[in-house]
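Taking it in order: structure first as structure tokens, then the write-up.
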Amino acid sequence: MLESTRAVRIAAVLTVVLAIGVAFGIRALAGGTLFSNGPLQQNTGTALYASAVYAGVVFLAPRCGPLTAGACALAWCWATETFQLTGIPHEMSRYSLALRLVFGDAFDWLDIAWYPAGIVPLVLLELLVKPRRRAA
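For the sequence shown, numbering that gives the first Met the number 0 assigns the number 0 to the initial residue and increments by one for each residue that follows.
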């Protein structure tokens, strides 16, 4: 069991690195700056952020099922987006790039729809790959 937990955590870290790398790569190739907000950069960035959040949940709770991990990741993403309505993330992002990347800057209804686009494929992939437990 220890080895499978370790493997899940390694896969989760690789997924986070891949999601962030692809998101930054798209911004670099399509917009040229970190703060480019064209539709391609915005929507793929949102979906890939959600993918990274899902992988983060799996890293923190490797024995958690894919549906539960997906629900937790979606709840975090939607809560973070709603938090943006307070204006606090906008103020925090003025002082820290890291906080801007984690909490965003401004509420966008479109982001609400793009979060599942980053989470659902990973949930489905994990459901297909994860070995099924046999009843005793």
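Note that CB positions come from ideal geometry on N, CA and C, so glycine has one too.
For the options I19, L17, L126 and N36, the alpha carbon positioned closest to that of G69 is the one of L126. Unbroken alpha helix (DSSP H) stretches of 4 residues or longer found wholly inside the segment 89-123: 96-102, given in chain order.
Sixteen is the threshold: since fewer than 16 other Cβ atoms of the shown chains lie within 10 Å of the Cβ of I87, the residue is exposed.
The residue from P120, I118, T85 and G117 with its alpha-carbon nearest to that of G103 is T85.
Between the alpha carbons of A10 and L17 lies a distance of about 10 Å. Taking A72 as reference, the option from Y48, F82, Y94 and Q83 with the minimal CA-CA separation is Y48. Residue burial is scored here from C-beta neighbours: V52 has at least 16 other C-beta atoms within 10 angstroms and is therefore classed as buried. DSSP places G64 in the coil class of the three-state scheme, outside both helix and strand.
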